[in-house]
Structure formats: C-alpha cells, structure tokens
C-alpha cells in the first residue's frame, strides 16, 4: 500500500474514513505508530491549510487503530504567532490516538545554539550494510530500507542506531516524511531485555529543529536510546539526523516492555 493510498481517504471535512489494504502498514494488530501519527497530522493540516510550520508534537497511542476510523480535529488556540491543534483517531467508538500539534511562525532569532553534531559518525548510508532483510514487522518489510549505523549487535548498551529511508516518498512533504519515519526503530531497551518479549510504544513527543528538513536520497540517521528502563517501561530518547549529520528532530517516548 503506497503512502498516497494511506492518505487518500483523509478529507478536509474530517469524519468517517475507510482505509483499505492496511496489511503492509501493520505492527502486530494495530497500524504502525508513524503511519497513524501521519494520518492525524494530515487530518489537521488538510482541515486548516493556512497553519504556520510545525514546530512540535505530542502523540499518544491509546489503542489499536484499524481500517474503519473517524477523524476529529480542532484548533485549540490560535494566537498571533502560534497555533495549537488537536487531532484524534476514533475506531469502534473509542479514541485510539490523540495528538497535539504546535505550529509557529518564524521569529527573529534572539538565541542561537546549534545542536551538537552526531557522535561516532557511522559513515555515509551508501556504504552501510543492509539490515533487517526479511525480518521485522510488516510495515518495515514493505515500506522501509534499513542499513546498519553501528557495530553493536545483540545485547549491550541500550541504543539502536540505523540509517532508514522510505521506499516510496512520492507526494510527501519533508515534515510528513519525518513523522512517518520517526518511530521506525525498536526501542534501545531492546538491547537490555533479559529475554525476548513484545514491546509497545505508548506515546511520542518531538520537537522539529528544522521547519523544512532536507537530506540526500531520502536517508535519515535514526537513533533510539533508553534513558531508563524498569518496572516494565522504558524512557527513550529519539533523534533523527540528515545524511550530512545535521540533527533535524529531537524526541522522547515511553515504551511498554513486556516479559
């Protein structure tokens, strides 16, 4: 299922939306988190096309999202420079995703502090070894190309770093591409698990460092790092850099780690 087909059912009016042939975007019994977040984001910007650039978001994955949905969105507040929009996906009478989007106009810079360059640069994606061939959930096998960006394999420091790009980016603006791709890797806590078991994203919040991010040939360096894992949950830091090593997204996530 192409990205365009995933977004075609979303109308500016919101309301009922039927998504067909979702098998290629599934993660277990629900829609992959990046895909459901993109649906909610697209519902917001199609309803309110005059919004300024996206600056930040908070997304909660509440319950499994299926093919028959109702899309809700509203402007919570619109000021002179900043607009805050809530969008939700409802399935079978319950909210399955709720998101809060912060849009803001460009301001004259009164503070300048660039993000630190990526540490332990892995080299360009074109020279990296292919990873996750014929492995991983359906949404990765059908929609992403993944390459290694660290030497570590198996248990170790709770950090996962990979080059990633969409196999089909047609019709996507750069911000939508990052939303679709930002949740693609497993959590860093995977490397600290004492035994194999399911994992599930509960939420995802992020700041966009560039309103119009760019990269080379669709490649982004993605990193998930567990900051603390205990009691069945992991607090994860999620970051994305472009192919030149410039950071474009900084995020956090809570992940349920089952045993």
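Numbering (UniProt numbering), first residue to last: 1 to 259. Think of the CB as a built atom: it goes at the ideal place given N, C-alpha and C, for glycine as much as any other residue.
Simplified DSSP assignment, three categories, for residue i
i           : result
residue 56  : strand
residue 41  : helix
residue 62  : coil
residue 79  : coil
residue 50  : coil
residue 139 : helix
residue 222 : strand
residue 252 : strand
residue 71  : strand
residue 175 : helix
Cα-Cα separation between residue i and residue j, rounded to whole angstroms
i           : j           : result
residue 136 : residue 3   : 19 Å
residue 46  : residue 96  : 20 Å
residue 166 : residue 184 : 10 Å
residue 53  : residue 44  : 12 Å
residue 233 : residue 21  : 32 Å
residue 55  : residue 220 : 19 Å
residue 116 : residue 48  : 34 Å
residue 253 : residue 235 : 6 Å
residue 197 : residue 259 : 5 Å
residue 181 : residue 164 : 8 Å
residue 124 : residue 230 : 35 Å
Per-residue burial, residue i [other beta carbons within 10 Å of its own, 16 or more giving buried]
i           : result
residue 215 : buried
residue 129 : exposed
residue 65  : buried
residue 30  : buried
residue 121 : exposed
residue 133 : exposed
residue 262 : Residue 262 lies beyond the stretch modelled for the chain, which goes from 1 to 259, so this question has no answer here.
residue 18  : exposed
residue 251 : buried
residue 195 : exposed
residue 247 : buried
residue 57  : buried
Same chain, Cβ closer than 6 Å to residue i, five either side skipped, listed in chain order
i           : result
residue 28  : none
residue 59  : 37, 99 and 204
residue 168 : 2 and 3
Nearest residue (CA-CA) to residue i, options the options
i           : options               : result
residue 153 : 251, 119, 140 and 190 : 190
residue 188 : 81, 172, 228 and 88   : 228
residue 23  : 243, 54, 5 and 63     : 5
residue 51  : 178, 102, 61 and 10   : 102
residue 76  : 86, 172, 82 and 19    : 86
residue 170 : 232, 218, 16 and 34   : 218
residue 119 : 244, 252 and 256      : 244
residue 108 : 81, 127, 249 and 92   : 81
residue 69  : 11, 123, 104 and 181  : 11
residue 209 : 148, 240 and 9        : 240
residue 172 : 16, 14 and 41         : 41
residue 89  : 155, 61, 112 and 131  : 61
8 Å CB neighbourhood of residue i in its chain, flanking five on each side removed
i          : result
residue 25 : 1, 6, 31, 32, 35, 138, 139, 142 and 143
Neighbourhood of residue i by C-beta, 7 Å cutoff - its chain only, sequence neighbours within 5 removed
i           : result
residue 177 : 166 and 169
CB contact check: residue i to chain B, cutoff 8 Å
i          : result
residue 21 : The displayed structure is made up of one protein chain only, and chain B is not part of it.
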